[in-house]
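Engineer: Going down the list, the sequences are from chains A and B. According to my numbering, the stretch in the first sequence is residues 1 to 614, in order. According to my numbering, the stretch in the second sequence is residues 1001 to 1614, in order. All C-beta atoms in this analysis are idealised placements derived from N, C-alpha and C, irrespective of residue type, glycine included.
Number of protein chains: 2
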Amino acid sequence: MTSRTTACLRALVLRAHACSRHHHHHHRTISTSVQGHPPTTTTNIPECYLPANSRPASSHTGPCGRVVSLRSHTCGELRCEHAGVKVALYGWVQYLRQDVFVVLRDHSGLTQVVISRDDNMPTGGIEVLAENLEVLNACRKLPFEIKDFLKKSESLRMRYRYLDLRSSQMQRNLRLRSRLSMRMREYLCNDHDFVDVETPTLFKRTPGGAKEFVVPSREPGRFYSLPQSPQQFKQLLMVAGVDRYFQFARCYRDEGSKPDRQPEFTQVDIEMSFVEQTGVMALVEGLLQYSWPPELGTLSWPFPCITYAEAMRDYGSDKPDTRFHMKLVDISEVFLNTEMEFLKSALSQSEGSIQAICVPGGGTLFKAKDLEALKETARTVFGQELSVVVLRADGSLKSALSKHLSPADTEGLLGKMGARPGDLLLVSACSLHTVRPLLGKLRLQCAGLLEARGVALRDPAEFHFLWVVDFPLFLPKEEDPGALESAHHPFTVRGQHYDLVLNGCEVGGGSIRIHKASEQLHVLKNILKEDDSLLSHLLEALDSGAPPHGGIALGLDRLVSLMVGAPSIRDVIAFPKSFRGHDLMSQAPDYVSEEDLKPYHISVTWPPAEGEGK
Amino acid sequence: MTSRTTACLRALVLRAHACSRHHHHHHRTISTSVQGHPPTTTTNIPECYLPANSRPASSHTGPCGRVVSLRSHTCGELRCEHAGVKVALYGWVQYLRQDVFVVLRDHSGLTQVVISRDDNMPTGGIEVLAENLEVLNACRKLPFEIKDFLKKSESLRMRYRYLDLRSSQMQRNLRLRSRLSMRMREYLCNDHDFVDVETPTLFKRTPGGAKEFVVPSREPGRFYSLPQSPQQFKQLLMVAGVDRYFQFARCYRDEGSKPDRQPEFTQVDIEMSFVEQTGVMALVEGLLQYSWPPELGTLSWPFPCITYAEAMRDYGSDKPDTRFHMKLVDISEVFLNTEMEFLKSALSQSEGSIQAICVPGGGTLFKAKDLEALKETARTVFGQELSVVVLRADGSLKSALSKHLSPADTEGLLGKMGARPGDLLLVSACSLHTVRPLLGKLRLQCAGLLEARGVALRDPAEFHFLWVVDFPLFLPKEEDPGALESAHHPFTVRGQHYDLVLNGCEVGGGSIRIHKASEQLHVLKNILKEDDSLLSHLLEALDSGAPPHGGIALGLDRLVSLMVGAPSIRDVIAFPKSFRGHDLMSQAPDYVSEEDLKPYHISVTWPPAEGEGK
């Protein structure tokens, strides 16, 4: 036995059998007692048949009381009323004090075990008096202690994930995720007749599937593809008459190094026949209400619903964080007769507009470097200059704009913005397609700055669900604005695409699908200019009496991370990859011998070494 | 509208709104009535608020009665008591009779809809009188009719899987699978505190993982591997203190063309800390009892349990079909003093034995070609000659052996075998390692032959679960009998490996794992001669206070296929691959352009064309 500090480092697995202290079974080698403080009545119950206090008795026993587990109770389960009861506990040593007290830990909590046999009675609601302790496994010196307050580097956490997962926060995250999934399944399967159907992950490459991993087969040149979603399969299941399908689907996306993305992720995938948009939305609201953990409060419904146009107009984003205001305001009319060249030129261009947001308290709270950071965002991300107007506490304006504004214009501007002394106005003038996303982004940046200055703007315990509807069917391609791409995906019925947003993050998206082959062909061939032969099986299926259908997919990792307030989805995934796509524990991906690649008829094309290439 | 035959071929999606016939709402354009036969009382209920008869009302509505689905009832739901009720039905046209009667089909069943408005009242419990029918989609001429009795080729079924799945048998299979999974989850998650944890499928190649698909990454030469099971992760989760883990895990195995195997399959993966073998077995028995569909009868428990040695001794198999007898009998002692050379030589070799099975009625039922087929199996699969002894109906023997047997020996043999006139004895003499699998295989072949001759030997509605325990830890490698391989896998504690067998098929396997790093290292390094550096992360984890733990994995596809009596696991998988690993609907795996392979630094090594190679 070692000192307290060292003992915390050594996670020994212990076994503590216990029996009634009031019936000193000295003939038993394995026995202790549970002491209540104050002591309560004593019951002697046959070992291993103890009903658990806070969980179903069946948790420890199987059918007809057959023993499933060696334990009688978990460490977090014992209460005063267990005094005198025989228990069998299993866990890890959290603390060892003076070789007398052992604090035993498992996933449910802690219990103090007294090793000494003298009749001392320490304070505390309950403790276990050990007559026998068995060390089940020894432990090397761990790379870090299992303590919640300990800050560990991300790479250390990932390399020793099996230790990192022992923290109470990660235990809570995994258990909440499991519980949420179970409740969702109950709602879909038991209450709404959905069928849980597993669809293949070894599939065919989809048109434009640049982000799909390939999997070589044993036939030369032929590859499977790991799909980004079961979209085709869910629609085929509707054609197959499955009527209501759901799946917690593993999806794959090869995006190289994007922060907070994972090469594999999970979506709650839902599809229904004979349904309209309102039906899918009502179903999802019911789903979240039913499965929402009570400790996170209750969800009110129906969820608010705004159009894509309203979201872009008011928040400059198609996934607005509605926990705070600071909405975008069109102030073009204030400047209709302006002499300022950059404003005039902005207004004269097609869809030109002058817009602003008002940051309450930003005028006094933000420092010069904050304003510079905001301008920097406008410049680097959007290629635009940003005008700032500081309202001093005395009501006077500090701005390059102010000298060009008449008192009436100033009054008009402040009135329109609802600005008060101490506030900050951010003004941008350019085309609508730029000014909205620009101010939308600055709005979030300002929220972060305000919070860094101590303003309680967004309550992490508040959950603002929001539907965004009436998306345009097609948007100009980001890389090639002359061509169009689907706003959602090419199987969507016009104007029937809906996104679910939580606290400014997209947590779901769906649509009513095109169910007529001729319409689908038109969209693929004439509008999106895709090679429709790659989807001939889907077109054939639609032509086989496909029912009207629609659905949604919820991003489970993102949803859970918002629910538990985790900064990254890596905190709600048991074994995530690093942002470079590596498993730091096992060192995957790893080198594979040429011999092992032979059956797949592939060989590695090594890039020229540094300094070697042309 | 077309003739009946053509209409059956055309699966049109229809919409039939209905209202009370007793309240002729002629002002409504979309209305029909439901007629009971004999008519019962009439209730007029607001549309879309109809309580469903056989399923929860919430199935059609969301929270607080908000409408989820457009239908008010499914086609299989209407009963006489719905007479007079307004309904909205959606489905496919199954039959069209004289342009008057439409039989509408959905996943739940059929309903007859009368299009004519005259007051005829045909027989049948209930029908829907349509005032409005809307065709929601048209349909090409299908490659086959959606009729259960229709025999289709496997390749046609696979190519048009979305039509094949419309059959009532496939609908039943998918729905039973979904229901079973749901019940299993309830038992594990709700009743026994298991945590559903998703583990990665993009992982590192395991030692000897010849059957693992590789997935190229964007780093030259580095590959992920699709794991055959989450074995390492489930053990790491125990080290992480998750205590009880389960997952319906997608697993991958690249075996090329093996009949009735799938490159991806699903296992119910379970692991527990602080548990012994009996605990895992009790848990699984409870799991199957809880989730067993009532229509398949009840399961009795505890399941019978035999040792590996007993299974091999009595059935010549480690997964015996215990629905029938025909056990192996050691008849060596009958022949201790035999003069027959091949028997003498068999007995003189190490572990030599003479064994036999008695096939009741085989002597009269089996034809000469049946006996030849049995001998052929012994010859081709095991390289052994088989002796057959036919007991004629008059009690006389027909066998090459008989003239070498004294009357006392004959009596001894027949007595030992419990043979009666009309029976057949199959006798084999060689080493135990051959004679047992040989007779085990012939036992099954004889069962098939007897059933082909009309004997009801194995009841497909009977479900005989059986535990096989006490497996040897290591078995000689099949390919290299001098070396050893793990009977289960290299993480198994000695003598703590158990298999679950159902009707002669292995449906699950598990073990108590090695939880001490030193023991695990010894097994990997000294016994199995594996490269332990590939498992260094697991060894490190065991050395971090790993608790004693064990678990099991159930093969869900196989289990469900046995439950529904399907000849192949392809009948319980929505979109299976062909035996060559192809998706016949989408033509996966498919060719991928060199351009698309570039980011993965691989190129295809084309084998030399026919006649070109050396």
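#1: Closest to residue 1206 of chain B by CA distance: which of B:1272, B:1531, B:1350, B:1566 is it?
#2: Note down, in chain order, every chain A residue with its Cβ under 7 Å from the Cβ of residue 1335 of chain B.
#3: Curious, which full-length alpha helix (DSSP H) runs of at least 4 residues does the region 1554-1611 of chain B contain?
#4: I need the straight-line Cα distance from residue 431 of chain A to residue 558 of chain A, nearest angstrom please.
#5: Nearest CA to the CA of residue 1129 of chain B: which residue from B:1249, B:1527, B:1112, B:1517?
#6: Are the region 164-172 of chain A and the region 277-285 of chain A touching, with three or more C-beta to C-beta distances below 8 Å?
#7: Measure the beta-carbon distance from residue 1235 of chain B to residue 1196 of chain B and round it to whole angstroms, keeping in mind my assumption that it falls under 8 Å.
#8: Using a Cβ-Cβ cut-off of less than 7 Å, list which residues of the region 1365-1391 of chain B approach chain A; keep chain order.
#9: Figure out for me which residue from A:300, A:289, A:244 has the closest Cα to the Cα of residue 1642 of chain B.
#10: Between the alpha carbons of residue 143 of chain A and residue 1499 of chain B, how many angstroms are there, rounded?
#11: Kindly say whether residue 214 of chain A, judged by its beta-carbon, lies nearer than 8 Å to any beta-carbon of chain B.
#12: For residue 1069 of chain B versus residue 272 of chain A, is the C-beta distance shorter than 8 Å?
#13: Is it right to say residue 1461 of chain B is buried, meaning 16 or more other beta carbons lie within 10 angstroms of its own, or is it exposed?
#14: Whole alpha helix (DSSP H) runs in the region 370-395 of chain A with 4 or more residues, listed along the chain?
#15: Could you compute how far the alpha carbon of residue 259 of chain A sits from the alpha carbon of residue 570 of chain A?
#16: Taking Cβ positions, are residue 1222 of chain B and residue 1315 of chain B nearer each other than 8 Å?
#17: Compile a chain-ordered list of the residues in the region 1134-1150 of chain B whose CB is closer than 8 Å to at least one CB of chain A.
#18: Can you check whether the CB of residue 1318 of chain B is closer than 8 Å to the CB of residue 1504 of chain B?
#19: Express the C-alpha separation of residue 1220 of chain B and residue 581 of chain A in angstroms, rounding to a whole number.
#20: So, is residue 1520 of chain B buried or exposed, given that buried needs 16 or more other C-beta atoms within 10 angstroms?
#21: For chain A, find out if any of its Cβ atoms is closer than 8 Å to the Cβ of residue 1545 of chain B; answer yes or no.
#22: Check the Cβ-Cβ distances between residue 550 of chain A and every residue of chain B, and say whether any is below 8 Å.
#23: Quick one: residues in its chain with C-beta nearer than 7 Å to the C-beta of residue 183 of chain A, no 5 flanking neighbours on either side, listed in chain order?
#24: Please list the terminal residues of the continuous beta strand (DSSP E) segment that includes residue 273 of chain A.
#25: Decide if residue 1426 of chain B is buried, meaning its Cβ has at least 16 other Cβ atoms within 10 Å, or exposed.
#26: Rounded to whole angstroms, how far is the Cβ of residue 242 of chain A from the Cβ of residue 549 of chain A, which I believe are closer than 8 Å?
#27: Scan the region 1458-1529 of chain B and note each continuous beta strand (DSSP E) run of 3 residues or more that stays entirely inside, going in chain order.
#28: Give, in chain order, every unbroken run of the beta strand (DSSP E) that is at least 3 residues long and sits entirely within the region 104-160 of chain A.
#29: Flag residue 1199 of chain B as yes if its beta-carbon sits less than 8 Å from any beta-carbon of chain A, otherwise no.
#30: Where does the unbroken alpha helix (DSSP H) through residue 232 of chain A begin, and where does it stop?
#31: Which residues, in order along the region 271-305 of chain A, keep a beta-carbon less than 9 Å from a beta-carbon of chain B?
#32: Who are residue 324 of chain A's beta bridge partners in DSSP?
#33: Residue 1221 of chain B versus chain A: which residues are under 8 Å apart at the beta carbon?
#34: Can you tell me where the beta strand (DSSP E) holding residue 1307 of chain B begins and where it ends?
#35: Using a C-beta to C-beta distance shorter than 9 Å, which residues of chain B count as neighbours of residue 491 of chain A?
#36: Determine the contact status of residue 363 of chain A and residue 424 of chain A, defining contact as a CB-CB distance below 8 Å.
Structural biologist: Concretely, from the data shown:
#1: Working through the second sequence from its first residue, we reach residue 1206 of chain B at position 206. Selection B:1272, B:1531, B:1350, B:1566 evaluated against residue 1206 of chain B yields B:1531 as nearest (Cα-Cα).
#2: Residue numbering aside, residue 1335 of chain B sits at position 335 when the second sequence is read from its first letter. Going along chain A, no residue has its Cβ under 7 Å from residue 1335 of chain B, so there is no contact; the nearest lies around 46 Å.
#3: 1556-1563, 1594-1597
#4: Working through the first sequence from its first residue, we reach residue 431 of chain A at position 431. Working through the first sequence from its first residue, we reach residue 558 of chain A at position 558. Near 32 Å, if we compare the C-alpha coordinates of residue 558 of chain A and residue 431 of chain A.
#5: Along the second sequence, one-based indexing puts residue 1129 of chain B at 129. Selected option, being the one with the closest Cα: B:1112.
#6: no
#7: Within the second sequence, the letter at position 235 stands for residue 1235 of chain B. Within the second sequence, the letter at position 196 stands for residue 1196 of chain B. About 17 Å separates the two Cβ atoms, so there is no contact after all.
#8: none
#9: Outside the shown range of chain B, which is 1001 to 1614, sits residue 1642 of chain B, and nothing can be said about it.
#10: Here residue 143 of chain A refers to the residue found at position 143 of the first sequence. Here residue 1499 of chain B refers to the residue found at position 499 of the second sequence. Each residue's Cα considered, the two are about 38 Å apart.
#11: Here residue 214 of chain A is taken as the residue at index 214 of the first sequence, counted from 1. Yes, contact with chain B.
#12: Position 69 of the second sequence, counting from 1, holds the residue named residue 1069 of chain B. Position 272 of the first sequence, counting from 1, holds the residue named residue 272 of chain A. Their beta carbons are under 8 Å apart, which means residue 1069 of chain B touches residue 272 of chain A by this criterion.
#13: Translated into positions along the second sequence, residue 1461 of chain B becomes position 461. By the neighbour-count rule (16 or more Cβ atoms within 10 Å), residue 1461 of chain B is not buried but exposed.
#14: none
#15: Counting from one through the first sequence, the residue named residue 259 of chain A turns up at place 259. Counting from one through the first sequence, the residue named residue 570 of chain A turns up at place 570. Straight-line Cα distance between these residues: approximately 10 Å.
#16: Looking up residue 1222 of chain B in the second sequence gives position 222. Looking up residue 1315 of chain B in the second sequence gives position 315. Cβ distance not < 8 Å, so residue 1222 of chain B and residue 1315 of chain B don't count as in contact.
#17: 1136, 1137, 1138, 1139, 1140, 1142
#18: Looking up residue 1504 of chain B in the second sequence gives position 504. Looking up residue 1318 of chain B in the second sequence gives position 318. Taking 8 Å as the Cβ cut-off, residue 1504 of chain B and residue 1318 of chain B do not qualify as a contacting pair.
#19: Mapped onto the first sequence, residue 581 of chain A falls at position 581. Mapped onto the second sequence, residue 1220 of chain B falls at position 220. One C-alpha to the other measures close to 14 Å.
#20: Here residue 1520 of chain B refers to the residue found at position 520 of the second sequence. With 16 or more other Cβ atoms within 10 Å, it is buried.
#21: Position 545 of the second sequence, counting from 1, holds the residue named residue 1545 of chain B. At least one chain A Cβ lies under 8 Å of residue 1545 of chain B.
#22: Position 550 of the first sequence, counting from 1, holds the residue named residue 550 of chain A. No, residue 550 of chain A lies away from the interface with chain B (no Cβ there is under 8 Å from its Cβ).
#23: Reading the first sequence from its first residue, position 183 is the one you call residue 183 of chain A. 290, 291.
#24: Here residue 273 of chain A refers to the residue found at position 273 of the first sequence. First-last of the beta strand (DSSP E) with residue 273 of chain A: 264-273.
#25: By 1-based counting over the second sequence, the position of residue 1426 of chain B is 426. Residue 1426 of chain B should be labelled buried.
#26: If you number the first sequence from 1, residue 242 of chain A lands on position 242. If you number the first sequence from 1, residue 549 of chain A lands on position 549. Between residue 549 of chain A and residue 242 of chain A the Cβ distance is about 10 Å, and since that is not below 8 Å, they are no contact.
#27: List check, beta strand (DSSP E) in window: 1465-1469, 1474-1476, 1484-1486, 1492-1502, 1505-1513.
#28: Complete beta strand (DSSP E) runs here, min 3: 109-114, 126-129, 132-137.
#29: Residue numbering aside, residue 1199 of chain B sits at position 199 when the second sequence is read from its first letter. At a cut-off of 8 Å between beta carbons, residue 1199 of chain B contacts chain A.
#30: Here residue 232 of chain A corresponds to residue number 232 of the first sequence, with the count starting at 1. Unbroken alpha helix (DSSP H) run through residue 232 of chain A: 231-239.
#31: 272, 273, 274, 275, 276, 278, 279, 280, 281, 282, 283, 284, 285, 286, 287, 289, 290, 301, 302
#32: Taking the first sequence and counting its residues from 1, one reaches residue 324 of chain A at position 324. Answer is none; residue 324 of chain A lacks a bridge partner.
#33: Mapped onto the second sequence, residue 1221 of chain B falls at position 221. Residues of chain A passing the Cβ test: 591, 592, 604, 606.
#34: Here residue 1307 of chain B refers to the residue found at position 307 when the second sequence is read from its first residue. Residue 1307 of chain B -> beta strand (DSSP E) spans 1305-1307.
#35: In the first sequence, the residue the question calls residue 491 of chain A occupies position 491. In chain order: nothing, as chain B lies at least about 15 Å away.
#36: Position 363 of the first sequence, counted from the start, is the residue given in the question as residue 363 of chain A. Position 424 of the first sequence, counted from the start, is the residue given in the question as residue 424 of chain A. Residue 424 of chain A is positioned such that its CB atom lies closer than 8 Å to that of residue 363 of chain A.
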